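J.: Below are the structure tokens for one structure; questions will follow.
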Amino acid sequence: VNGKGPYTFIVDTGGHTLLSSRIVSEVGLTPVGRSVESGAGEGHSTTGFVHYDEIAIGDVRLRDQTGFATEIYDKSVEGIAVDGMVGYELIRRMVTTIDYGRRTITFTDPARFTPDSGLGVAVPFVFYDHLPSVAGSIGDLLAMFNIDTGSRSEIDITSPFVAKHDLRSRFPKGTSAVTGWGVGGPSRDYMFRLSSLKLGAVDVDHIAAGLSFDKGGSISDPNYDANIGSALLKRFVVTFDYAHRMMYLQRIQPTPPDVGTFDRSGLWINAKAGGYEVVQVASDSAGAKAGLAVGDVIVAIDGKPVESEQLSDTRLRLRNDPPGTTLLLTVSRSGQSRPLTLTLADQI
1229 VNGKGPYTFI
1239 VDTGGHTLLS
1249 SRIVSEVGLT
1259 PVGRSVESGA
1269 GEGHSTTGFV
1279 HYDEIAIGDV
1289 RLRDQTGFAT
1299 EIYDKSVEGI
1309 AVDGMVGYEL
1319 IRRMVTTIDY
1329 GRRTITFTDP
1339 ARFTPDSGLG
1349 VAVPFVFYDH
1359 LPSVAGSIGD
1369 LLAMFNIDTG
1379 SRSEIDITSP
1389 FVAKHDLRSR
1399 FPKGTSAVTG
1409 WGVGGPSRDY
1419 MFRLSSLKLG
1429 AVDVDHIAAG
1439 LSFDKGGSIS
1449 DPNYDANIGS
1459 ALLKRFVVTF
1469 DYAHRMMYLQ
1479 RIQPTPPDVG
1489 TFDRSGLWIN
1499 AKAGGYEVVQ
1509 VASDSAGAKA
1519 GLAVGDVIVA
1529 IDGKPVESEQ
1539 LSDTRLRLRN
1549 DPPGTTLLLT
1559 VSRSGQSRPL
1569 TLTLADQI
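If you read the sequence shown in the working numbering, its first letter stands for residue 1229, the second for the next number, and so on.
Here it is in structure tokens:
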């Protein structure tokens, strides 16, 4: 940013250009004004506007722009510092390809972009505000999906759509859990196994889906029906051509092993100095049966001290390790250390 860095940014089709207080301070930017910002979760935060001369990502340059000065995430949420976000302002200027299998992002000058069969299935979209919105279906129900690479979930179905179609009674087998953490704080869903959905003409099956009951925040918006996140998109190489309002989905073969999975611990953990803090324990889950409680701090797993930077890997392990896997946890509670055995089990 303005020649300083490097910094860690999220690439978010659901977001705008955001710059953390760290960047604002180190680069010497001056925030102007004040506004309210909301997103996933029911809370909100305040933000000001800030002008920057340049954001450089590889050989791509965003120059002479205005972004928002705000905190992206507290470090505890991801285990690493997140300094900024790029979204609509960048992606609308470039054709953007995200290859989840190779962990690469490619930006192409729209003037040099020619669609071909190698891009996969073309899925048209319209814009809902700044978000690409795709027509499709959830089972037998027609639905409009926002495409949001900044979401960690596969699909979050909005609370108005849940109420309208009484989806809770359609899917009685599931669990209530914290499924994400955004600008508005924790986001809670009723998680269940969805057999199939359609994005345009593309079929997706075996989905870990969430029914939202949020009364505030973006997942309570009645103007769309569900939010598709990176956990579902990672099945594909995804190309966004905003100029022609087209998304291309090329299925990754073989299917990545961690799609369609959901946490088998029943815990939501955030990083904390010296460990992982338990901020939610789903009822009748593996975590509850192990005796874990909100406020506990996991300081070691299988005798190895935990590290904040490995929070994402730990969450992945709690999703992907097979049912019946046992983890020996060292837990700090009220200043006392105790061993607990966590035996992973399917929640959905």
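We put the beta carbon where it would ideally sit given N, CA and C, even for glycine.
Model, not experiment: these values are computed from the prediction.
On the three-state DSSP scale, how would you describe Gly-1269?
T.: The predicted position of Gly-1269 is uncertain, since its pLDDT is 48 and thus under 50; no value can be drawn from it.
J.: With the cut-off set at 8 Å, would you say Ala-1459 and Ser-1493 are in Cβ contact?
T.: No, these two residues do not count as a Cβ contact at 8 Å.
J.: So what's Phe-1441 in DSSP terms, helix, strand or just coil?
T.: The answer is coil: DSSP assigns Phe-1441 none of H, G, I, E or B.
J.: Suppose the cutoff is 6 Å on Cβ atoms and the five residues either side in sequence are ignored; what does the same chain contact list for Gly-1329 look like?
T.: Ile-1480
J.: Touch check for the region 1518-1526 and the region 1499-1506: three-plus C-beta pairs under 8 Å?
T.: yes
J.: Could you give the residue range of the alpha helix (DSSP H) that holds Val-1470?
T.: Position check: residue 1470 holds Tyr in this sequence, whereas Val was assumed. Unbroken run through Tyr-1470: none, as it is neither H nor E.
J.: Using 8 Å as the cut-off, can you tell me whether the region 1444-1452 makes contact with the region 1462-1475, which would need three or more C-beta pairs spanning the two stretches below that distance?
T.: no
J.: Is Gly-1295 closer than 8 Å to His-1358 when the C-beta atoms are compared?
T.: no
J.: From Ser-1273 to Ala-1454, what distance separates their C-alpha atoms?
T.: Confidence at Ser-1273 is low in this model, with a pLDDT of 49, below 50, so the placement of that residue should be treated as unreliable; the coordinate-derived value is given next. Near 23 Å, if we compare the C-alpha coordinates of Ala-1454 and Ser-1273.
J.: How far does the alpha helix (DSSP H) with Asn-1548 in it extend, from its first residue to its last?
T.: 1539-1548
J.: From which residue to which residue does the alpha helix (DSSP H) around Leu-1461 run?
T.: 1458-1461
J.: Taking Val-1278 and Ala-1297 to be in contact with their CB atoms under 8 Å, please state how far apart those CB atoms are, rounded to whole angstroms.
T.: Right, their Cβ atoms sit about 4 Å apart.
J.: Name the DSSP beta bridge partners of His-1358, please?
T.: His-1358 pairs with nothing; no bridge assigned.
J.: Would you say Gly-1367 and Ala-1499 are within 8 Å of each other, going by their C-beta atoms?
T.: A distance of 8 Å or more separates the beta carbons of Gly-1367 and Ala-1499.
J.: What's the C-alpha gap between Ser-1361 and Leu-1568?
T.: 45 Å
J.: Under the rule that 16 or more other beta-carbon atoms within 10 Å means buried, what is Asp-1648, buried or exposed?
T.: As displayed, the chain neither begins before 1229 nor continues past 1576, which places residue 1648 out of reach and without an answer.
J.: Looking only at its chain, what residues have a beta carbon closer than 6 Å to the beta carbon of Phe-1399, apart from the 5 residues adjacent to it on each side?
T.: Non-local beta-carbon contacts of Phe-1399 in its own chain, meaning distances under 6 Å to residues more than five positions away in sequence, involve Phe-1420 in chain order.
J.: According to DSSP, is Lys-1517 part of a helix, a strand, or is it coil?
T.: helix
J.: Measuring alpha carbon to alpha carbon, tell me which residue in Thr-1241, Pro-1234, Arg-1321 is nearest Ala-1339.
T.: Arg-1321
J.: Using only CA atoms, which one of Asp-1574, Val-1559, Pro-1234 lies nearest to Ala-1436?
T.: Asp-1574
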